[in-house]
Amino acid sequence: MNKKLDIIMGDILEQEVEVIVNPSSATLLEGGQVDSAIRKLGGQELEDECKTLHGCPIGEAKVTSAYNLKAKHIIHTPSPIWRGGFFNEEKLLKASYTNSLKRALELGTKTIAFPSLSTGTHNFPLEKASKLAVESICNFLETHEENLQMVYLVCYDTQSYDHYRKAYLTHISKAACI
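Under the numbering used here, the very last position in the sequence shown is 1399; numbers go up by exactly one each time.
This is the structure in structure tokens:
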């Protein structure tokens, strides 16, 4: 892969990074499988801090401490539910990635790990979601290359990994990705 973006298979909770991204709900109080796993490991302190944030609009991002996780911080981003592409889902998914990266820069983060946003219980088509993720991250890195050392896209299965890798290879064949 490239110096700044790496697509890997693994568990988002096991990554040795400063920040992990949590695909949360807009309330920041419950979510899908990844969110549930993060909350379980993070513990009551994470739950309590999330309550103080008073939710987060879809496509935006808010930060908490990581408590019992390996990372220092968690960036929570409510990503869109796929409803056929008629409700700005693509724009909102790009915003989830971009705004998460902006919050990471505000923290002075050098390493960040993303799961596959919106492709689980939100039913975003994997092929489309992987292209949008790679495009959003690469576009961000082009203008902020000196700030982040490494962005990881952490895939939980071979099918996801294959889609993200294909999206990455297609993207770099069309444009430079830092």
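Cβ atoms here follow ideal geometry from the backbone N, Cα and C, with glycine treated the same way.
A quick note: this is a predicted structure, and the numbers were derived from the prediction, not measured.
query: Within 10 angstroms of its Cβ, does glycine 1306 collect 16 or more other Cβ (buried), or is it exposed?; result: exposed
query: For threonine 1342, which of helix, strand or coil comes out of DSSP?; result: coil
query: Note down the Cα distance separating valine 1238 from threonine 1273, rounded to an integer number of angstroms.; result: 25 Å
query: State the start and end residues of the unbroken alpha helix (DSSP H) segment that holds leucine 1362.; result: 1347-1364
query: Go through its chain and collect everything with a Cβ distance to isoleucine 1295's Cβ below 8 Å, but skip five positions before and after it.; result: Val1240, Ile1241, Val1242, Asn1243, Ile1259, Gly1263, Leu1267, Val1284, Thr1285, Ser1286, Ala1287
query: Give the straight-line distance between the Cα atoms of alanine 1247 and threonine 1391, rounded to the nearest whole angstrom.; result: 32 Å
query: Could you have a look at glycine 1276 and say whether DSSP puts it in helix, strand or coil?; result: coil
query: Does the beta-carbon distance from leucine 1409 to isoleucine 1228 come in below 8 Å?; result: Residue 1409 lies beyond the residue range present for the chain, which begins at 1222 and ends at 1399; the question has no answer from this structure.
query: Name the residue from Tyr1389, Glu1348, Ala1354 whose alpha carbon lies nearest to the alpha carbon of glutamine 1380.; result: Glu1348
query: Check whether the Cβ atoms of alanine 1350 and leucine 1369 lie closer than 8 Å to each other.; result: no
query: Just reading off the beta strand (DSSP E) that aspartate 1227 is part of, what are its end residues?; result: 1226-1230
query: Can you give the Cα-Cα distance for methionine 1230 and isoleucine 1358, rounded to whole angstroms?; result: 18 Å
query: Just verifying my parser: in three-state terms, what is the DSSP assignment at tyrosine 1382?; result: helix
query: With a 10 Å radius around its C-beta and 16 neighbouring C-beta atoms as the bar for buried, classify glycine 1252 as buried or exposed.; result: buried
query: Could you tell me the boundaries of the alpha helix (DSSP H) in which tyrosine 1318 lies?; result: 1310-1328
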